[in-house]
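Taking it in order: structure first as structure tokens, then the write-up.
Protein chains: 2
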Amino acid sequence: MAFLTTVCAEAVSGSCLGREPGRPGDGGLAEKGRSLEAMPVTMEAERTLHQKEMTQLGELAAQLRVDAIRCSTRAGSGHPTSSLSAADLLAVLISRHLRYDWTDPRSRFNDHLIFSKGHASPLLYAVFKAVGAITDQELVDTYRQFGSRLQGHPTPALPWVDIATGSLGQGLPVGVGIALAGRYLDQLPFHVWAVCGDSETAEGSIWEALDKAGHYGLHNLTAIVDVNRFGQRGPTELEWDLDTYRRRVEAFGCQAIVIDGHDLAAIDEALGRARQATGPTVVLARTLKGKGVPEVENQPGWHGKPLKPEVAERAINALGGVRQIHVTSPRPEAAPPAKAPAAQAPTAEAPPTEAPPAAAPAAEAPPAEAPTGKPPTMPRYDKGAKVATRNAYGEALRALGSRPDVVALDGEVSDSTRADKFSEAYPDRFFEMFISEQQLVAAAVGLQVRGYRPFAATFAAFCSRAYDFIRMAGISQANIALCGSHAGVEIGADGPSQMGLEDLAAMRAVQGSTVLYPSDAVSCAALVSQMVDRKGVNYLRMTRGKYPVLYDNEDSFPVGGSKVLRGAEDDHVALIGAGVTVHNCLAAADELAREGVKARVIDLYSVKPLDRERLLDAVRVTEGRLVVVEDHYPEGGLGSAVLESLADLAEPVRVTHLAVRGLPTSGTSTELMDQAGIGVRAIASAARAALTR
Amino acid sequence: MAFLTTVCAEAVSGSCLGREPGRPGDGGLAEKGRSLEAMPVTMEAERTLHQKEMTQLGELAAQLRVDAIRCSTRAGSGHPTSSLSAADLLAVLISRHLRYDWTDPRSRFNDHLIFSKGHASPLLYAVFKAVGAITDQELVDTYRQFGSRLQGHPTPALPWVDIATGSLGQGLPVGVGIALAGRYLDQLPFHVWAVCGDSETAEGSIWEALDKAGHYGLHNLTAIVDVNRFGQRGPTELEWDLDTYRRRVEAFGCQAIVIDGHDLAAIDEALGRARQATGPTVVLARTLKGKGVPEVENQPGWHGKPLKPEVAERAINALGGVRQIHVTSPRPEAAPPAKAPAAQAPTAEAPPTEAPPAAAPAAEAPPAEAPTGKPPTMPRYDKGAKVATRNAYGEALRALGSRPDVVALDGEVSDSTRADKFSEAYPDRFFEMFISEQQLVAAAVGLQVRGYRPFAATFAAFCSRAYDFIRMAGISQANIALCGSHAGVEIGADGPSQMGLEDLAAMRAVQGSTVLYPSDAVSCAALVSQMVDRKGVNYLRMTRGKYPVLYDNEDSFPVGGSKVLRGAEDDHVALIGAGVTVHNCLAAADELAREGVKARVIDLYSVKPLDRERLLDAVRVTEGRLVVVEDHYPEGGLGSAVLESLADLAEPVRVTHLAVRGLPTSGTSTELMDQAGIGVRAIASAARAALTR
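Protein chains in written order, with my numbering: chain A, 71 to 763; chain B, 71 to 763.
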């Protein structure tokens, strides 16, 4: 495998890409090529690099260091020392191993570079300058400034950034999702490189990721861990105990390569081995935090602190001054991988052990963004038949499977969420994530990076396990569908740990999210079919039990809409529910009707966005008498959504809010809904009380 | 180490504890003592048990199996097969190793039994019957019934249950917290036994827990993993690959003991070794799911399914029928441990490597519940001085450190959260959890099990990483303080990944939670001092930047209260904020005052519970003109709290709700607050607009 490294000869003068010459602190190229310290490494690196290439790489590494210092000092904040430790790793990676066409970041043949240690953004942006993606001026003048796309931590506001990082322990798990797509779906030879910090290996999510990488034999995934032994407030837990890191990595099914992270030849050899490996690789690079700046190198107390201008100037001079070297990364390969599928195939239980035999050769396959399958035939249901919405989820998802870009994942509960209907029909596009909800969501985010439309399901309660990942998916503006079954006290005997009573609040508060909560199978299937093409984080809340189908198959359920199930222009009161409480509202309306009370019943299946117009209608007709009923804690859920929507209304509105106010126990659905005061009797009582006000 | 096992001789007749004789299905004691299958184990168990004891243990295990079947079949739901696999483990544990006075569950000398695999509640409750804690009737008649304390998954509604389990991967991490208390604070010889499933080892939190157990040398912690190789929907990822389990466990710093989980002698020997170990132990027990019931044993498709009555009857007969054996567990030891502190001491960086030298001998020390230190001298601040609330947090926490029951934890950001003020003053009561927020919260929950008052801090954004743990802490009714710093766009240049813009919504929706958000140092310190003795999950939201002290040190800030900073009986409009937006509201009020507009300013420092009376006052005075301003996404936060509180008010209220509606970027605090429309100008504009309505 031979990669070309182009180090622009004119770079020294700063004229290579027509950029301005160096800024203050530019001390020319004196003192470059400082000797690399010898450090204990477990393997002797083969010295395949010629001296000239070594010098060029050293120059590039120095430029990355200088630029990381310059932009952070100029900004007055940022993490230069965390950038300095990884500069040599990145210099070798982008020059010789990362196959990337920087002029075409949307090319599906590009490798993926994930900065899991997102706080080292000065280094990432210095890389972007070196490859010509951004100018020196943008780097130095706009880093961390208001309005700049060079934010404190990377986000996809930059076209070369797949996902937002900055919450540690997330980049690698998302990389697993991208690599799953590469190996099993795209079948393209691109490689995923995740640059990780050592501190973040304390996050369990890193081990969920390595476990899945090993299980799925992701030979196309390499984690590069920058073991600089310092966290934010002091030494890391393992410091430079590289042997423990190695044993952990190997026990989790990955190849470990321990190197001196400042030995350019060793780095080169390790990254080459990683790309050729038959399974996932973790390069454990022993480094010095602040490497190259003696005043801060290998010293505590320098995390997240920019160098003062005078220190920066000295450091830049010592590093040889400002450079304008331009690197051309190796070109992406468009051909399918020459090597055989990974040696470490998962067990027979895990479906996608081998490439689906019917799939077209990858290089000729259309991109995932342009599905070519026949239009889905969505399931149909008989009005009045009792069907669980989770069943409709599984059946709708199976129907959507006719689109080749639809993929599904589950957290080892697919027989409960009914995702198994999809996995049985399309085993090659289903990924079992076992009981690791963080990885479940991260894999979904990774799959959508490659243009797939992932549906990830578990119990609503256990979506909370991945809340930080969902939060970050919102910041990444990732397009994913999350499906939480077994919501609310309705589940019955299993008790509160399984109930999911805070998910509406949590999911509504995710930036750019959509929150859906259908009451019947028809509306559920209709919403699932819309989720597939919606932007952002789309959450579907599902009920365990079977309830009557309320709607005709021809009815439409636009996101942002609602349905009026009972209603007239002289209604006395409006009963507003979603999901299971719609059924309770209907029964209460029937009870009230027998007393001569006319109750409008509104199904707010779209919790976010909410159908404000329909609510205003109800307010007008009922003179503001609303009863909102939800199988959720009182804070932040459906009731709050209604109240937020009507907050600035001039007309008086009085909302009676029925929700689960105590700590539930076990029991039947009816017992628990009655106990919580969201059952038929409580709704009817609340309506009567509203009329007497 | 000799433990007494008392197997009541009269038990067979059912008269031992005056309980009723066996229920239907009682087939006598025929066929007991089935031969145990030989299985590959890594060590040859020493056969120290006499044959009589073996027979008694076998009898007990059979009883546990029978009872697990009986209660779940009667309930029509539950997880009998997950109980059957672990019955032998529990029979040996409760008879010979668990030192527990079942008549005194509050004794601080008791061992702790944590059912991390909470779905195996039939087994746990069968244990409770065997030790005489509950009656056979309660077990069989009330399991999973409405109103019963024997819920589908265990909760502390039962006095022998420390924490709620049922969300997998949480029991062991909480056990780490209990063991931290035992080793470093109580210095008592109790042992923590966490019974885990194999499926839950896919959760990263399990590895966070083992990592911390190893780091802190928790010789008083044993995880018993029931490796029955089946999850819910099929085989687990590793099935019976016990060697991989072993290598993972050892790489994470724990002793691994691999056994046949149905070999009573091997179990006994392993548990004995675990108690004598100098570090944490993981017993990896190869078992058969459904063990003892041939119709379901070692077969997929039986997770979470009760046996049909006729199958149950055959199984109970085959197992020798219903028994009423009574077990007396070994007595707790009150003396301090004879052995030296654990061999695997953490690094010098981690503070509590050794027992604090000044501490009194543990057995004589008062229980953690009764603090004896001098009353704290809380910090005082000068009005107008600029102080960050996170600084006040650190200083108040340090002051509270005079109470010996106050402990603190941090997620490797103590120099940012200012928890380092506590760790410097009380290193023996500070636990560094590094970057593992799930374990951070779990350890806090474990410490409160032992009566300590933990304060756990990280960035507000990263509290989301532990949301499932916080949710479960609410169900456990755990008394913990969580402190999230760097909330909102106010943090500035670091960008959205670090901001914490959904925490109010998420934390408000936790059952029984308290949510506090002080605007200045005085109120922050006052609230911290109240959090220490409050029940439930208490969340404190903190701001990064320095803002003027607004209050006198003598002012009081009751939880559930608020402050009126500007106010008269003829106010035109009310500006309502919390935290940083209080300062913006004050500046806006000043601007409005110059125009002759009288704006009331309310500091809603207690977001949950909320001061409804003060809001009603404001509604009355301003004729319902409220402007609510929050540095949070619009859903579920302060605005929703205000709206929920006023939902059923008869008087017209029009709330203008200013919140962070887009995706923020980097910038200065002022730039970002202005961009989000929560700055001074936006507030003043909103107030003016409210007046023209």
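Each residue gets a CB set at the ideal place from its N, CA and C atoms; glycine is no exception.
Asked	Found
For residue 608 of chain A, the three-state DSSP class (helix, strand or coil)	strand
Chain B contacts made by the segment 438-470 of chain A, where a contact means CB separation under 8 Å	none
Residue 513 of chain A and residue 492 of chain A closer than 8 Å at C-beta	no
Start-to-end residues for the beta strand (DSSP E) that takes in residue 266 of chain B	262-267
Members of the segment 212-239 of chain A near chain B, C-beta cut-off 9 Å	213, 214, 215, 216, 217, 218, 219, 220, 221, 222, 223, 224, 225, 227, 234, 235, 236, 237, 238, 239
CA-to-CA distance, residue 305 of chain B to residue 371 of chain B, given in whole angstroms	10 Å
Rounded C-alpha distance that separates residue 563 of chain A from residue 763 of chain B	51 Å
Cβ-Cβ distance between residue 538 of chain B and residue 535 of chain A below 8 Å	yes
Beta carbon proximity, residue 764 of chain A to chain B, threshold 8 Å	In this structure chain A extends from 71 to 763, so residue 764 of chain A is not present and cannot be described.
Start-to-end residues for the alpha helix (DSSP H) that takes in residue 211 of chain A	206-212
Chain B contacts made by the segment 244-264 of chain A, where a contact means CB separation under 9 Å	none
Cα-Cα separation, residue 323 of chain B to residue 385 of chain A	40 Å
Cβ-based neighbour list, residue 634 of chain B, same chain, cut-off 6 Å, excluding 5 preceding and 5 following	672
Contained beta strand (DSSP E) runs [length at least 3] in the segment 593-647 of chain A, N- to C-terminal order	607-611, 616-618, 633-636, 643-647
Every unbroken beta strand (DSSP E) inside the segment 647-711 of chain A [3 residues or more]	669-673, 676-678, 695-699
Reduced DSSP secondary structure (H/G/I, E/B, other) of residue 553 of chain B	strand
Own chain residues within Cβ distance below 6 Å of residue 712 of chain B, not counting five before or after	698
Sufficient close CB pairs (3 or more, under 8 Å) joining the segment 546-557 of chain B to the segment 705-720 of chain B	no
CB contact flag (residue 279 of chain A, residue 226 of chain A, <8 Å)	no
Proximal chain B residues relative to residue 709 of chain A, where beta-carbon distance stays under 8 Å	714, 717
Residue-chain proximity (residue 277 of chain B, chain A), Cβ-Cβ < 8 Å	yes
Cutoff 8 Å: residue 329 of chain A Cβ touching any chain B Cβ	no
Bridge partner(s) assigned by DSSP for residue 363 of chain B	Per DSSP, none; premise fails for residue 363 of chain B.
Those runs of the alpha helix (DSSP H) which lie wholly inside the segment 349-404 of chain A and span at least 4 residues	379-388
Rounded straight-line distance, which links the Cα of residue 750 of chain A to that of residue 609 of chain A	27 Å
Any non-hydrogen atom of the ligand HEM closer than 7 Å to residue 187 of chain A Cβ	Questions concerning the ligand HEM fall outside what the structure shown contains, since it holds no ligand whatsoever.
Pairwise C-alpha distance: residue 136 of chain B and residue 23 of chain B	Because chain B spans 71 through 763 in this model, residue 23 of chain B falls outside it and cannot be assessed.
Residue 181 of chain A - DSSP class collapsed to helix/strand/coil	coil
8 Å contact criterion, which residue 252 of chain A and residue 258 of chain A should meet: CB distance rounded	6 Å
Inter-residue Cα distance where the pair is residue 701 of chain B and residue 238 of chain B	34 Å
Enclosing alpha helix (DSSP H) for residue 762 of chain B [first to last residue]	750-762
Helix, strand or coil at residue 456 of chain B [DSSP, three-state]	strand
Per DSSP, the bridge partner or partners of residue 524 of chain A	A/477
First and last residue of the uninterrupted beta strand (DSSP E) at residue 507 of chain A	It is not in any beta strand (DSSP E) - residue 507 of chain A instead sits in the alpha helix (DSSP H) that spans 507-519.
8 Å Cβ cut-off: residues of chain A touching residue 609 of chain B	None at all; the shortest Cβ gap to chain A is about 12 Å.
Short-range partners of chain B found in the segment 496-519 of chain A, where Cβ spacing is below 9 Å	502, 503, 504, 505, 506, 507, 508, 509
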